[in-house]
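**Student:** Here it is, the structure in full.
There are 4 protein chains.
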Amino acid sequence: MRNTFGHIFAVTTFGESHGGGVGAVVDGCPARLPLSEADIQPLLDRRRPGQSDLTTARSEDDKVRILSGTEGGLTLGSPIALLIANADCRSGDYDELARAPRPSHADFVYKTKYGILAAGGGGRASARETAGRVAAGAVAEKFLLTRHGIEIVAWVSAVGEIEAAAPDLAALSRAAVDATPVRCPDPGAAAAMAAAIRAARDDGDSIGGVVSCVCRGVPAGWGEPVFDKLSAMLAGAMLSIPAARGFDLGSGFAGARTRGSENNDAFEMREGRMRTRTNHSGGIQAGISNGEALLFRVAFKPVSTIARPQDSADWAGHPATVQFKGRHDPCVLPRAVPVVEAMAALVLADAALMAATCR
Amino acid sequence: MRNTFGHIFAVTTFGESHGGGVGAVVDGCPARLPLSEADIQPLLDRRRPGQSDLTTARSEDDKVRILSGTEGGLTLGSPIALLIANADCRSGDYDELARAPRPSHADFVYKTKYGILAAGGGGRASARETAGRVAAGAVAEKFLLTRHGIEIVAWVSAVGEIEAAAPDLAALSRAAVDATPVRCPDPGAAAAMAAAIRAARDDGDSIGGVVSCVCRGVPAGWGEPVFDKLSAMLAGAMLSIPAARGFDLGSGFAGARTRGSENNDAFEMREGRMRTRTNHSGGIQAGISNGEALLFRVAFKPVSTIARPQDSADWAGHPATVQFKGRHDPCVLPRAVPVVEAMAALVLADAALMAATCR
Amino acid sequence: MRNTFGHIFAVTTFGESHGGGVGAVVDGCPARLPLSEADIQPLLDRRRPGQSDLTTARSEDDKVRILSGTEGGLTLGSPIALLIANADCRSGDYDELARAPRPSHADFVYKTKYGILAAGGGGRASARETAGRVAAGAVAEKFLLTRHGIEIVAWVSAVGEIEAAAPDLAALSRAAVDATPVRCPDPGAAAAMAAAIRAARDDGDSIGGVVSCVCRGVPAGWGEPVFDKLSAMLAGAMLSIPAARGFDLGSGFAGARTRGSENNDAFEMREGRMRTRTNHSGGIQAGISNGEALLFRVAFKPVSTIARPQDSADWAGHPATVQFKGRHDPCVLPRAVPVVEAMAALVLADAALMAATCR
Amino acid sequence: MRNTFGHIFAVTTFGESHGGGVGAVVDGCPARLPLSEADIQPLLDRRRPGQSDLTTARSEDDKVRILSGTEGGLTLGSPIALLIANADCRSGDYDELARAPRPSHADFVYKTKYGILAAGGGGRASARETAGRVAAGAVAEKFLLTRHGIEIVAWVSAVGEIEAAAPDLAALSRAAVDATPVRCPDPGAAAAMAAAIRAARDDGDSIGGVVSCVCRGVPAGWGEPVFDKLSAMLAGAMLSIPAARGFDLGSGFAGARTRGSENNDAFEMREGRMRTRTNHSGGIQAGISNGEALLFRVAFKPVSTIARPQDSADWAGHPATVQFKGRHDPCVLPRAVPVVEAMAALVLADAALMAATCR
């Protein structure tokens, strides 16, 4: 339960990896926003498996259909239901599951929590669940761009031990990110990352990494001061993405090693408004946006389903060597980029509407 | 707005640094739980300023009073209102605020958001706001310990560049943590941390660090699979603490550098139940607790209010050297320990009650 | 916005009268409940237009499809998405709308609120919106019957000035209710009601009435004591049904004319448990169920869209005679019966899960 | 649990009849609204017991204190905590409770639900709980009047069989309502009502009635179209008041007896805006305000605690004559007037803020 995200711009997702489809209902999107499937499909295509040899061979069309909430290309103010039909289900790939739970995957905890396990494996823990987020995030992005001029760009900033150089945050575009299959705008690092991913894949293994994200054009004053700090909402949103294990904002964990005199962002008048000289705060102070670009990182663990045999235990607890043949990404990072952007968009769209009520 | 945390075990906090007091209303706490002020006061005392020379000299009594929701030492199932009266207000300390906003503090964003600024400075952004969280967290802790045998222990694991050795997580106690004023159970590191804090203080500066936290006894099956993953709830809760800038779970950012074969936690039957051999997952898989200890870290930036002069701008945007004389902690870490524990308790109490509804 | 109902058993509906379809996402339904389309379709069939000459001639198939949340005929604990595709759209029926808003219908307020009006007329205000409620309510009913043995039966107790005799509440069945097309178990009254509806229809007019509802088997202790009283949840749920204008519980408005000594329900030990001798409370005391049958009434206004010409004003405010040719029910009451039952089921399913968290 | 009302303008109440006090935390009230205790106290004084011989002799000061959320007479945008200390507790009045539950009161259901009963009787079911609502409602009223020019006036329209003549809704004032102790602006009916109340009191009995309420100045477009219809929110709010058993809007239950041609409200241009000629809709169409005055009724049962002996059962289920000596109102209606107004204000303040987010 609790498959709804947001207070006012509220998104409910549904769907398993196997079954009729996955999707989302977007409630609270303001009326008269131009919106059609053409706004959503390109973002789903970026999330889709099978885009390069770095991702799973599982092939899905991922065609989205708007079932409600628009007419004549405009939103009506009513719930926007989005459906992405399922296809290409080979649940036979998952027979090993009947014998043993996958280490570090959802199988054991789902069985414990619900007393039942979707035959197709992941159920709601499947990466496929994120298609609904990306579709809903596309609606949020359209709102943010149309009404507030906000741009959100995420990129792969680390794979394993390889770290990309910092991009020019003011200029970074999705086109630059998509120029490499690994979605890293630093070409040298991108090549090394791709090699590391292929090496992991060839070893029947997986590899982790970090996605970074910048949000440009967020006005000062969004976010709530206490529990619903913009930073808290982003952290919760990001850690809700499958395989996410860490989040930091601005100088983050590195800033924790510094002193206040180094880390503080001095004010100055620039371009006709109050700005900060540096942006160690990542655009958020005391939980509220300060008009600078939001900047944050999300750490992803290496995917838990790997092709090589693992020493573990079967469902009865007996020691067992387990091996899972499902088609899985050796590295979730390239496909996580649009999911991080989508979740950022959902947080910001909700914060935008909440901010309309505070004075 | 949005000063409420939790779905079922729902806590609403209130109060500014200056005014009648701070407090919380705890709604949804089950009935017939033994509870009195004696369960809450010791935790507030750990958060209170003035405990050692490492913290602010601001002196507050922080005496809590239970206004409702209990009778004869038992909870009634009705809202538990907790009040901590304010005292020792020297708002004169904050006169500089009328001239210029503090770099990296709440002043600028609050003024932008609300069009009004509490004369006493921080308002809801004051560290004092966390007293309400600690009081409410004490109720949650009592529930978790009494009904589920859960123990939560946080400690300072880093100050600036100094990192503590990993403690024995199974044995670590609050008494061991409190044995040093810096609340670090590694005595050698604790001494170095204290020296680093004093050095920052003597420089009119502040210093950041990391709090780590372990939660023992959490049963498998808590947390929701999608947006309300236990990891997401913890991340959001921790990033809502003033000055928190990062969160990671289990192997976290370090695990993002590894491969799946290294990071996966193999299952084994141990002590009569399904356990994992390692705990890189930090006790949470696919957003749901797996029966191992929860383990996470929270990064805190150096406190933004520092005594030394800073080059910044005044409210009109003119370049200005600003200096703030308020009494502030040079390092928030020792006093953040009970706040991290309180927020963890609020997350777990809510997850416990949510888990009662899923099968 | 705010198309979600319930705290734990939470239902989000979507869809307009014209467009891809209507439906609902049921979140929070416990796992391992037997559920298939065969549990839902019969209830939708009871709501469907075209069942008799007393309802609109608009013909819809209303075939429901479960898109997610079940496998092998059991719920998984994940969101259950339900889709009912649209068909038979004749938006040309609504051309008059471009000229003038329908008196007492949604047109004027929707245009004012959203600045846009669905061409097909009602949009979310269409009676078709209730198909999503009935589908979701069928899931709630299955849960309530399977886990708690609860039965919900509603019936038409008044049409215009005609009132039915009180049925035997312990024995009343849906079969008895469905025995007449007007859904009134008192055959004499049913005949008079049908005549009154036909007379209204023949006059190009509509007629109002009252639906009553009994819920048997609700255990004592459901409902929350203050804002979420079971009575308050029921009242809000019922008034959210299109055309509903009134609600009362137990002795209700009639009981307001009496004295406490008449209206109080004395306790007695009966059938091995504490019962009340009378049930003027309608099964709810102080907002909490007391173990007696719930009993309440819902008043429905006459449908606002009528065939005869009306003196009103056009969109510009000029006096105009307006006439709307859409196919509409002359009396909403017979088809409101399953909607009242569905909303009662949603309230009770949520209350059941909330009650699991209070002690 | 669930002691919070509202989505954005969100009020959490706390407190029992006996204990430290009752109160409320008002979250989401916009910043820079003029507010002091002088805005709240007069409304509490109208709710206070002991205003005339028609109400309970229990004497309470009911002095409210604003603990947080304001400074210099302006709201800060942070939670406004309101505390009303308790006094004059004679829990000895309730000794009979240990022997038997009061018929139609909260005792039996609270004990069943929570397994514990507040010694002082009512606990949260005490009429005293409504003091927190009235205090919070006063904040909402201040917001509605200051920002939107909205006026809310409720009055006693029926006691027992006695009904007041319909007042001039455009002119009705609280002063006119308060001119009689029974709070009925029809002097003849007021005298008869007062006599009926005294007769009930002298018989050791109680008597029910109806409160009506008008809200003037609500703009068109407030309320959400489906589950959170303005009518549904009002119905839920009103049924959450202790002893409330029914609600209807506009022509309500009487309108259910009519035809659409009679009940429809024709549009006309009047005073420069689109108005309706009649107001059978009670100012709400399709769940959304249409710019006309809101008009609704709330039915209250006779108070269940009466002085005369009643045949009932003791806690063990044995037949027993019970008699309760606590000081209670023979008729809750006069004191319910400010509670109905307060709940209406809470609904409207929340609807106002929600409406800011829809286009």
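Read top to bottom, the protein sequences are chains G, A, E and W.
Numbering follows my numbering, in which position 75 of the first sequence is assigned residue number 75; successive positions increment by one, without gaps.
Take any residue in the second sequence, count from 1 to its spot, add 1000: that is its number in my numbering.
Take any residue in the third sequence, count from 1 to its spot, add 2000: that is its number in my numbering.
Take any residue in the fourth sequence, count from 1 to its spot, add 3000: that is its number in my numbering.
Ideal Cβ positions, reconstructed from N, Cα and C, are used throughout, including at glycine.
1. Does any residue of chain E have a CB that is nearer than 8 Å to the CB of D95/G?
2. Tell whether a beta-carbon distance below 8 Å holds between A2100/E and S2312/E.
3. Quick one: is Q285/G buried, meaning 16 or more other Cβ sit within 10 Å of its Cβ, or exposed?
4. Looking only at DSSP bridge pairs, what is C2215/E linked to?
5. Tell me which residue opens and which closes the beta strand (DSSP E) that Q3041/W is part of.
6. Taking the alpha carbon of E1096/A as the reference point, which residue from P1309/A, Y1110/A, V1337/A, F1227/A has its own alpha carbon closest?
7. Does the beta carbon of N290/G sit closer than 8 Å to a beta carbon anywhere in chain E?
8. Under 8 Å, Cβ to Cβ, is there at least one residue of chain A near I3241/W?
9. Could you name the residues of the same chain whose beta carbon sits closer than 8 Å to that of P3030/W, not counting the 5 residues immediately before and after it, in chain order?
10. Since D350/G meets chain A, which of its residues come closer than 8 Å, beta carbon to beta carbon?
11. Taking C-alpha atoms, which residue in E2161/E, L2294/E, D2186/E lies nearest to C2215/E?
12. Nearest CA to the CA of S429/G: which residue from A85/G, G260/G, E71/G?
13. Sorted by chain position, which residues of the same chain lie with C-beta nearer than 6 Å to G1149/A's C-beta, five sequence neighbours on each side aside?
14. Please list, in chain order, all residues of the same chain as G204/G whose beta carbon is under 7 Å from its beta carbon, the five residues on each side excluded.
15. In the region 2235-2297 of chain E, which residue ranges form an unbroken beta strand (DSSP E) of at least 3 residues, counting only runs that do not cross its ends?
16. Against chain G, does G3260/W count as a neighbour if the rule is that its beta carbon must be under 8 Å from one of theirs?
17. Could you name the residues of the region 3205-3226 of chain W whose beta carbon sits closer than 7 Å to any beta carbon of chain E, in the order they occur along the chain?
18. Measuring from the CB of N3003/W, is there a heavy atom of the ligand NAD at a distance below 7 Å?
19. Could you tell me which residues DSSP puts in a beta bridge with Q310/G?
20. State yes or no: is the beta carbon of I3116/W nearer than 8 Å to at least one beta carbon in chain A?
21. Could you please give me the residues that DSSP links to I3207/W through a beta bridge?
22. To the nearest angstrom, how far is the alpha carbon of A136/G from that of T2012/E?
23. Going by DSSP, what residues sit across from G3021/W in a beta bridge?
24. Suppose the cutoff is 8 Å on Cβ atoms and the five residues either side in sequence are ignored; what does the same chain contact list for I84/G look like?
25. Below 8 Å on C-beta distance, what does L353/G contact in chain W?
26. Contact check, G2246/E vs G3252/W under 8 Å by CB: the rounded distance?
27. According to DSSP, is T1112/A part of a helix, a strand, or is it coil?
28. Verify the CB distance criterion: does G72/G have a CB-CB separation below 8 Å to chain W?
29. When you compare the CB of F3005/W with every CB in chain A, is at least one pair closer than 8 Å?
30. To the nearest angstrom, how far is it from the Cα of V159/G to the Cα of T1258/A?
31. Across the region 176-184 of chain G and the region 1227-1239 of chain A, are there enough close Cβ pairs to call them in contact, namely three or more that are closer than 8 Å?
32. Per DSSP, F1009/A is paired with what?
33. Cutting at 6 Å between CB atoms, please list the residues of its own chain near T2056/E, excluding the five before and the five after it.
34. So for S1052/A, helix, strand or coil by DSSP?
35. Among the candidates G3073/W, R3102/W, L3082/W, G3006/W, whose CA atom is the shortest distance from the CA of K3325/W?
36. Compute the Euclidean distance between the alpha carbons of M233/G and A165/G, then round it to the nearest angstrom.
**Tutor:** Answer, in terms of the structure:
1. no
2. yes
3. buried
4. I2152/E, L2294/E
5. That residue, Q3041/W, is in no beta strand (DSSP E); its alpha helix (DSSP H) goes 3037-3047.
6. Comparing Cα-Cα distances from E1096/A to each of P1309/A, Y1110/A, V1337/A, F1227/A, the minimum goes to P1309/A.
7. no
8. no
9. T3075, G3077, F3143, R3147, L3353
10. Ordered by position in chain A, no residue passes the 8 Å Cβ test against D350/G, which lies about 11 Å from the chain.
11. L2294/E
12. The structure shown does not extend to residue 429/G, since chain G is modelled only from 1 through 359, so no value can be given for it.
13. G1217
14. I306, A307, R308, listed in sequence order.
15. If we require 3 residues or more, the beta strand (DSSP E) runs fully inside the region 2235-2297 of chain E come out as 2244-2249, 2267-2270, 2273-2276.
16. no
17. For the region 3205-3226 of chain W, the beta-carbon criterion of a distance under 7 Å to any beta-carbon of chain E is satisfied by D3205, S3206, I3207, G3208, G3209, V3210, A3220, G3221, E3224, P3225, V3226.
18. By its list of ligands, the structure shown contains no ligand whatsoever, and the ligand NAD lies outside what it can speak to.
19. As DSSP reads the structure, Q310/G sits in a beta bridge with V322/G.
20. So yes, I3116/W belongs to the interface.
21. R2259/E
22. If you draw a straight line from the Cα of A136/G to the Cα of T2012/E, it is about 15 Å long.
23. A3085/W
24. G15, G21, V22, G23, L44, D62, K63, V64, R65, A131, G132, A135
25. T3357
26. 4 Å
27. helix
28. G72/G does not count as touching chain W.
29. No, no contact with chain A.
30. 9 Å
31. no
32. BP columns for F1009/A are empty, so no partner.
33. P2049, R2327, H2328, D2329
34. coil
35. R3102/W
36. The straight-line gap separating the alpha-carbon atoms of M233/G and A165/G is approximately 27 Å.
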